[in-house]
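Each remark here refers to the structure printed beneath this line.
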Amino acid sequence: MRVFITGAGLIGSHSAKELTEKGHRVWFYDLSPNVKYIEAVAGKKNIHVLQGDLLDLPALLRGMKEARPDVVVHTAGFIGSQVSNPPYRGVRTNILGSTNVFEACQLSRVGRIVHISTFGVYDWENIRRGPVSESFPRGGRTFYGATKVANELLLGAYESFYDLETVVIRPASAYGPGHYRGGSGGGKNMSDLARACLSDGPITLYEKRIGSNDFVYAGDVGRGVALACVKEKAAGKAFNIGSGEIYGPEDFKRVLLKILPGREITVAKDDAAGRAGNERLRLDLSQSSRVLGYAPKYPLEKGLRDYLDHCRRFGFWA
Numbered sequence: 084m085r086v087f088i089t090g091a092g093l094i095g096s097h098s099a100k101e102l103t104e105k106g107h108r109v110w111f112y113d114l115s116p117n118v119k120y121i122e123a124v125a126g127k128k129n130i131h132v133l134q135g136d137l138l139d140l141p142a143l144l145r146g147m148k149e150a151r152p153d154v155v156v157h158t159a160g161f162i163g164s165q166v167s168n169p170p171y172r173g174v175r176t177n178i179l180g181s182t183n184v185f186e187a188c189q190l191s192r193v194g195r196i197v198h199i200s201t202f203g204v205y206d207w208e209n210i211r212r213g214p215v216s217e218s219f220p221r222g223g224r225t226f227y228g229a230t231k232v233a234n235e236l237l238l239g240a241y242e243s244f245y246d247l248e249t250v251v252i253r254p255a256s257a258y259g260p261g262h263y264r265g266g267s268g269g270g271k272n273m274s275d276l277a278r279a280c281l282s283d284g285p286i287t288l289y290e291k292r293i294g295s296n297d298f299v300y301a302g303d304v305g306r307g308v309a310l311a312c313v314k315e316k317a318a319g320k321a322f323n324i325g326s327g328e329i330y331g332p333e334d335f336k337r338v339l340l341k342i343l344p345g346r347e348i349t350v351a352k353d354d355a356a357g358r359a360g361n362e363r364l365r366l367d368l369s370q371s372s373r374v375l376g377y378a379p380k381y382p383l384e385k386g387l388r389d390y391l392d393h394c395r396r397f398g399f400w401a
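Quick note: the sequence shown uses the numbering used here, first residue 84, plus one each step.
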């Protein structure tokens, strides 16, 4: 199978790793691809890298003409606070850029679009009990969330109007080795934590910065995306991809003391913005399990160990 992935960041690169390990060929389309990062995560075999802008529809079409993909995985765009800095740039890139991808897919007669959304599309302000399934109401009270909800609706319109085959993936708070240029707040916080772990000083875990959240390792997200590319019955559905657990600061302390015995680790209060997306309920993974065959393989301890091992080997990606 030939797969065209927009965005060579955290999720795109880990998806490529899963796909190429199964013998599929991957073409990346990225504005400023970091080839060393791609190779560190996914290797070199069956990987092709194209440079291009989401906002350039003719370039997207040329890229798809070269790749002749069976599936397009759309991960590219701004994340978190980057969408609102300023909103015009973030909204233009995320919504117009995604529309260009969908349009290029229908013009190129792509077999399936796997669109990477987020668990941030849910109306968290009005959700009181979990687990949160894919049928829960969507919200969009941040610029990031609003662009992701809009993109899901646009993709649905393309699916209906052009009879396209689509799949939506809604990852929880993804972390792992990456550069976080797109603006992932949770990923950046985990990167800062990894740096602290590999230094010689004490480690401080800030309550609100970590919050209470479903932290899913990039390897699990990549596997979920790869499954969405090939599972026939996934078409037309959305899928939560998470760890199946909620972790808070005390959980991090407990796990880190196992990984780094003897280190000084404290939990402290901080001034990070209140709830502000840092407290979540558990995601319902039953549909992902039933249809995709997805099950998380990286609980927090295993994910952090793998993350730190990567950083020891390759360093940190700016």
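No residue lacks a Cβ here, since even glycine has one placed at the ideal position from N, Cα and C.
Nothing here was measured: the structure is a model prediction, and the numbers come from that model.
Cβ pair residue 91, residue 113 closer than 8 Å
Closer than 8 Å, so yes.
Along the chain, which unbroken stretches of the alpha helix (DSSP H) at least 4 residues long are found entirely within the segment 311 to 351?
Segments of the alpha helix (DSSP H) lying fully in the segment 311 to 351: 332 to 342.
Endpoints, the alpha helix (DSSP H) within which residue 161 is located:
Taken as a continuous stretch (DSSP letters only), residue 161 belongs to no alpha helix (DSSP H), as it is neither H nor E.
Would you please state the rounded distance, in angstroms, between the beta carbons of residue 323 and residue 371? I believe it to be under 8 Å.
Right, their Cβ atoms sit about 6 Å apart.
Test: residue 323 CB closer than 8 Å to a CB of chain B
Reference to chain B is not applicable here, since this structure consists of a single protein chain.
Contact check, residue 305 vs residue 98 under 8 Å by CB: the rounded distance?
With a Cβ gap of about 4 Å, residue 305 and residue 98 count as contacting.
Residue 156 vs residue 86 beta-carbon contact at 8 Å
Their beta carbons are under 8 Å apart, which means residue 156 touches residue 86 by this criterion.
So what does DSSP say about residue 366, is it helix, strand or coil?
When DSSP states are grouped into helix, strand and coil, residue 366 belongs to the strand group.
Which residue's Cα is closest to the Cα of residue 185: 228, 159, 277, 225?
The shortest Cα separation from residue 185 among 228, 159, 277, 225 belongs to 159.
Pull up the distance between the alpha-carbon of residue 225 and that of residue 363, whole angstroms please.
If you take the alpha carbons of residue 225 and residue 363, they lie about 15 Å apart.
Which value, in whole angstroms, describes the spacing of the CA atoms of residue 214 and residue 367?
If I take the Cα positions, the gap works out to 5 Å.
May I have the straight-line CA-CA distance separating residue 266 from residue 365, to the nearest angstrom?
Summary for residue 266: the model assigns pLDDT 48, below 50, so the residue's position carries little reliability; its value from the coordinates is reported in the next sentence. C-alpha of residue 266 to C-alpha of residue 365: approximately 23 Å in a straight line.
Is there contact here, the segment 162 to 181 with the segment 233 to 244, by at least three beta-carbon pairs under 8 Å?
Between the segment 162 to 181 and the segment 233 to 244, the count of Cβ pairs shorter than 8 Å is three or higher; the stretches touch.
Do you know offhand how far residue 290's Cα is from residue 344's?
Between the alpha carbons of residue 290 and residue 344 lies a distance of about 21 Å.
Would you give the residue range spanned by the beta strand (DSSP E) that residue 281 belongs to?
For residue 281, there is no enclosing beta strand (DSSP E), since its DSSP letter is neither H nor E.
Integer-rounded CB distance, given that residue 328 should sit under 8 Å from residue 382
7 Å between Cβ atoms; contact.
Out of curiosity, what's the CA-to-CA distance linking residue 378 and residue 100?
Residue 378 and residue 100 have their C-alpha atoms spaced approximately 17 Å apart.
Classification of residue 281 by the beta-carbon crowding that lies within 10 angstroms, buried from 16 upward
Around the C-beta of residue 281, fewer than 16 other C-beta atoms lie within 10 Å, and the residue is accordingly described as exposed.
Between 273, 286, 203, 321, which lies nearest to residue 301 when the distance is taken from Cα to Cα?
The option with the nearest alpha carbon to residue 301 is 273.
Residue 198: first and last residue of the uninterrupted beta strand (DSSP E) it sits in
First-last of the beta strand (DSSP E) with residue 198: 195 to 199.
Could you tell me the alpha carbon to alpha carbon distance between residue 120 and residue 254, rounded to whole angstroms?
Whole-angstrom Cα-Cα distance: 21 Å.
Does DSSP put residue 225 in a helix, a strand or coil?
Residue 225: coil per DSSP, three-state reduction.
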